[in-house]
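Chains A and B are the protein sequences, given in the same order. Under my numbering, the first residue of the first sequence is numbered 54, with each subsequent residue one higher. Under my numbering, the first residue of the second sequence is numbered 2, with each subsequent residue one higher. Built from N, CA and C at the ideal position, the CB exists for glycine as well. All values derive from a computational prediction rather than experimental measurement. This report concerns only the one structure given below.
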Amino acid sequence: MAISSKRITINLLLIAAVASIPIIEKFVPLGLHISDPMTDVFVYAILGLGLNILTGFTGLLNLGVAAFAAIGAYVFAISTCEIYPFQLGFWSALGLTMAAGALAGFALGAPTLRVRGDYLAIVTLGFGEIVKDVLVNMDSITKGTQGINPLPPPTLFGHELGGSGQYWLFMAIALLVAVGARSLERSRIGRGWISIREDELASRAMGIRPDHAKMLAFATCASLAALAGALTASRLSSSGEPGNYDFQISILALCIVIVGGIGSVRGVLLGALVMVGMNSIVLVKLTELMGGSDSAPPAALAEAHGLQWAFLFVKTWAQNVLISPTNWKFLVFGLALVLMMIFRPEGILPARGSKEDAPDGDEGAGGVAGGVTGGGVSSVATKELRP
Amino acid sequence: MQQTVAAAEFLAACALSRVDAVGGFARDGLLSSQEVFTQQLVTGLSNGMIIALIAIGYTMVYGIIELINFAHGDLCMLGAYFALTVVGALGVDQWAGTGGIMGLVLVLVGTAAFCGSLNWSINRLAYRPLRKASKLSLLVSAIGASFILVNLGLFWGGLPMDVFADGTSSAAPKAFPALVSAAPAAQIGDVIYSRTDLLVLCVTLPLMVALTYLVRFTKLGKAMRAVAQNPTGASLMGIDVERVIGASFFIGGSLGGFATVVYSLYNQTVSFQMGYRMGMDAFIAAVLGGIGNLPGAVLGGILIGVIRSMSDGYLEARWTNTVVFGILILILVFRPSGLLGAKLREKV
């Protein structure tokens, strides 16, 4: 599986195109302002790549990845903000954050090694809720719902970075993480993860220690999620309130992984672009285009009759909610998950080799996608064989 | 050096603030009287019965197709919106005497039918195409369905009706009219049993009895138990497995519909985000009792209701969710079969 020079050229061109967005925006005033939301895309790409290691490679579904991002944001905030005694620099705080994230990953991973499949998903969900509540309730340390601010902006060689600088820095970090994830996937560790996803028992027989490998996957996922949280906190100069790291964010990250292509690094990058682009570019821009509309006065509705009443009723309803595209956000996420699961479980850009490696061709969610399943595939098979 | 000392002081302060909080809990606990305890118990039991009814919906579906039906709580949320719409269309003023009771029964049955049909349709559209896929694909699909229902709730809240406050802020919580007054029905000592507490009992208990009868003694119930045990075997015996699964979804959904009306009457406020909380409580109850086990779901529901209420009263309300989710994690890690569930061997 050597990388062809053609592929390298395409990748370099894509990177150059994405990197040139802030420059183009500066000189060609189209009034689109997409470099700001694009910075979000990079952060979510890091989050998605982290989740992909746990859910895509290792086959453990995590519904609480936002909690790790929250831990990252708060560790970063506490170690840098001027109201706390630590006041580390940007990069050392980032290092500390990733270490803390890994530790949190171990803390969740260790007791949950014996929990499988959908139960594990629910444990991670519960963990996410607990972290959020604890952050709100320990307000003497975390400032509760106010969040911690101000935080120092990202720096590079002692220079504080502004909008475009942050754009390029975050893009570089996301690329670094993507390349790292790709090499991890091909390494001994990554192949171990994938073998656990495909068949834990067989991989144990081949000398892989599933417990160690799973713990490592948890720690890596948590560490990258914490990095994403810290980067956002630094960019917004605030940890944000704990409510920002809720279940929705975990699901957005899951959508990114599933829509792009579960287990596929390129897929996750595309997924981040599609889902975050939908969430914070397309829906927001559409809402701006529609402009604010006034609700029809209810009095008109009270006096109308028959068809006119029905028309007014629907019109008022549309003006109340339907007309604002941001109100369709959950529907977009939900449909993305359901339709992908039914029609294209392997994602837009499937992981390579997913078709050939599929343990059972007729399993519906074949290959790597069936791999979200890990034990699921084999358990279905045995269930039918059971006398 | 100075920085190190400051850092150490900060960490010490963190540790102390924890101790302080715990001390506070204990103090409040000691000051409380027996009446407060009983009152919290009554509230907890009422909420617990409602949670139990929703938990039955989770446990039935899990027992049959091993799916955590993530959309169940949001289904109940839509049920509450449906009930609110019906109440608004019928007019809120005429709820007294026999007419009031008739109206209440109408709302209950209508909402149950609505939730049952909706749950049946969700199964048909989002789960049935994935019958051969893995458990986790099914779970992801259920999460997707849950998000779709939440969005429908957001749309629904924007209807220009009086009961939805003309729909001008669709995301805001809506007040559910107090059709059954919370006036005391009985008072023993200082403990008040309100009319809503009575309503909860009058609705939930007969339904649980009816469900037990259905599952134990009818042909459909026998088919459901057979499919839960072994779908392939059941279909070889001539049972239409898909029909039985659909029926389970309908029954589970309609129980959720009854529960959500009672919940709305009891708590008197509904919002498009309430499904997540309701669903989580009920799911935790189902797991606590032993998922797939009907009496377990009822026991778990009552326990979760009481634990929530005690935690509200004796700890602080803001820690209640942490307590409940902590219980969930502890059970899943240390006794995944729950209190009443049979020990399951891991299939390899």
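Alpha carbon to alpha carbon, how far is residue j from residue i? Give it in angstroms, no decimals.
i	j	result
Asp89 of chain A	Ser57 of chain A	33 Å
Met394 of chain A	Val141 of chain B	7 Å
Lys267 of chain A	Ser292 of chain A	29 Å
Glu78 of chain A	Trp221 of chain A	14 Å
Glu251 of chain A	Ile242 of chain A	14 Å
Trp121 of chain B	Ala286 of chain B	23 Å
Ile175 of chain A	Ile76 of chain A	45 Å
Gly25 of chain B	Phe326 of chain B	Since pLDDT at Gly25 of chain B reaches only 42, below the 50 mark, its modelled position is unreliable, and the value read off the structure follows with that caveat. Approximately 22 Å between the Cα atoms of the pair.
Gly316 of chain A	Arg257 of chain A	21 Å
Lys59 of chain A	Val337 of chain A	36 Å
Gly306 of chain B	Asp75 of chain B	19 Å
Val433 of chain A	Ala248 of chain B	Confidence is the limiting factor: at Val433 of chain A the pLDDT is only 35, short of 50, which leaves the residue's position unreliable and the question unanswerable from this model.
Arg167 of chain A	His73 of chain B	27 Å
Leu67 of chain A	Gly103 of chain A	22 Å
Gly359 of chain A	Ser138 of chain B	46 Å
Leu31 of chain B	Gly314 of chain B	Bear in mind that the predicted position of Leu31 of chain B carries a pLDDT of just 45, short of 50, making it unreliable; the figure below should be weighed with that in mind. Spanning the two alpha carbons is a distance of roughly 12 Å.
Leu147 of chain A	Phe129 of chain A	7 Å
Leu119 of chain B	Phe250 of chain B	9 Å
Thr99 of chain B	Ala90 of chain B	19 Å
Leu105 of chain B	Asn70 of chain B	28 Å
Buried or exposed for residue i, going by 16 or more other Cβ atoms inside 10 Å?
i	result
Cys203 of chain B	exposed
Ile61 of chain A	exposed
Asn105 of chain A	buried
Phe115 of chain B	buried
Phe368 of chain B	In the structure displayed, chain B extends from 2 to 349; residue 368 of chain B sits before or after that span and is not available.
Gly162 of chain A	buried
Gly339 of chain B	buried
His265 of chain A	exposed
Arg288 of chain A	buried
Ile63 of chain A	exposed
Ser240 of chain A	exposed
Phe284 of chain B	buried
Asp171 of chain A	buried
Ser67 of chain B	The question names Ser, yet the displayed sequence has Glu at residue 67 of chain B. By the 10 Å Cβ count, Glu67 of chain B comes out buried.
Asp163 of chain B	exposed
Arg309 of chain B	buried
Arg169 of chain A	buried
Leu365 of chain A	buried
What residues of chain B sit near residue i, judged by a beta carbon separation below 9 Å?
i	result
Thr379 of chain A	Near Thr379 of chain A there are no residues of chain B at all, since even the closest Cβ is about 10 Å away, more than 9 Å.
Gly296 of chain A	Per Cβ cutoff of 9 Å: no residues; Gly296 of chain A is ~12 Å from chain B at best.
Thr165 of chain A	Ile330, Leu333, Val334
Leu114 of chain A	Leu137, Leu140, Val141
Val176 of chain A	Leu329, Ile330, Leu333, Val334
Since residue i meets chain A, which of its residues come closer than 8 Å, beta carbon to beta carbon?
i	result
Asn152 of chain B	Asn380, Trp381, Lys382, Phe383, Leu384, Gly387
Pro337 of chain B	Val168, Tyr172
Ala81 of chain B	Within 8 Å Cβ-Cβ: nothing; Ala81 of chain B doesn't reach chain A, min ~17 Å.
Please list, in chain order, the chain A residues whose beta carbon lies closer than 7 Å to that of residue i.
i	result
Ile144 of chain B	Ile304, Leu390
Leu160 of chain B	Trp370
Ala283 of chain B	Ordered by position in chain A, no residue passes the 7 Å Cβ test against Ala283 of chain B, which lies about 13 Å from the chain.
Using the beta-carbon of each residue, which ones in chain B are nearer than 7 Å to residue i?
i	result
Glu182 of chain A	Asn322, Phe326
Phe366 of chain A	Pro161
Asn190 of chain A	Arg319, Trp320
Asp264 of chain A	Here the premise fails: no neighbours, minimum Cβ distance about 14 Å.
Ser179 of chain A	Rather than Ser, the amino acid found at residue 179 of chain A in this sequence is Gly. Correct list: Phe326, Leu329, Ile330.
Val187 of chain A	Thr323
Tell me whether residue i counts as near the ligand FAD, meaning its Cβ is closer than 7 Å to at least one heavy atom of that ligand.
i	result
Arg244 of chain B	The ligand FAD is absent from the structure shown, which contains no ligand whatsoever.
Whose Cβ in chain B lies nearer than 8 Å to the Cβ of residue i?
i	result
Pro398 of chain A	Ala134, Ser138
Taking any Cβ of chain B, which residues in the segment 126-143 of chain A have a Cβ under 7 Å from it, in chain order?
If you check each beta-carbon in the segment 126-143 of chain A against every beta-carbon of chain B, the ones closer than 7 Å belong to Tyr137, Pro138, Phe139.
For the segment 320-332 of chain B, enumerate the residues whose C-beta is nearer than 7 Å to any C-beta of chain A, in chain order.
Only Trp320, Asn322, Thr323, Phe326, Gly327, Leu329, Ile330 from the segment 320-332 of chain B bring a Cβ to less than 7 Å from some Cβ of chain A.
Inter-stretch contact (C-beta, 8 Å, three-pair minimum) for the segment 255-262 of chain B and the segment 56-76 of chain B
Touching, yes, given that three or more Cβ pairs across the two stretches are closer than 8 Å.
Within 8 Å, do at least three Cβ pairs link the segment 321-328 of chain A to the segment 384-401 of chain A?
Judged by Cβ distances under 8 Å, the segment 384-401 of chain A makes contact with the segment 321-328 of chain A, as three or more pairs qualify.
Using 8 Å as the threshold, is the segment 131-147 of chain A in touch with the segment 170-185 of chain A, meaning 3 or more CB pairs across them?
Contact between the segment 131-147 of chain A and the segment 170-185 of chain A is absent, because fewer than three Cβ pairs lie under 8 Å.
To be precise: take each residue of the segment 78-109 of chain A, compare its Cβ to all Cβ atoms of chain B, and keep it if any distance is under 8 Å. Which residues remain?
So the list is empty, because no residue satisfies the distance condition.
Count Cβ pairs between the segment 371-389 of chain A and the segment 158-165 of chain B that sit closer than 8 Å; are there 3 or more?
Contact holds: three or more Cβ-Cβ distances are below 8 Å.
Within the chosen definition, does the segment 221-233 of chain B reach the segment 190-209 of chain B through at least 3 CB pairs nearer than 8 Å?
Cβ pair count under 8 Å is below three, so no.
Mind checking the segment 230-263 of chain B against chain A and listing, in chain order, the residues whose C-beta falls within less than 7 Å of any C-beta there?
When CB distances to chain A are screened at a threshold of 7 Å, the residues of the segment 230-263 of chain B falling below it are Thr233, in chain order.
Does the segment 166-177 of chain B come into contact with the segment 264-277 of chain B, if we say contact requires no fewer than three beta-carbon pairs (one atom in each stretch) closer than 8 Å?
Result yes; three or more Cβ-Cβ pairs closer than 8 Å.
Members of the segment 309-342 of chain A near chain B, C-beta cut-off 7 Å:
Answer set for the segment 309-342 of chain A: Ile311.
Which residues, taken in chain order from the segment 48-66 of chain B, show a beta carbon closer than 8 Å to some beta carbon of chain A?
Answer set for the segment 48-66 of chain B: empty.
Would you call the segment 41-53 of chain B in contact with the segment 293-312 of chain B, where contact means no fewer than 3 C-beta pairs closer than 8 Å?
Touching, yes, given that three or more Cβ pairs across the two stretches are closer than 8 Å.
At a cut of 8 Å, does the segment 113-130 of chain A reach the segment 292-310 of chain A through at least three beta carbon pairs?
In short, these stretches touch, since the Cβ pair count reaches three.
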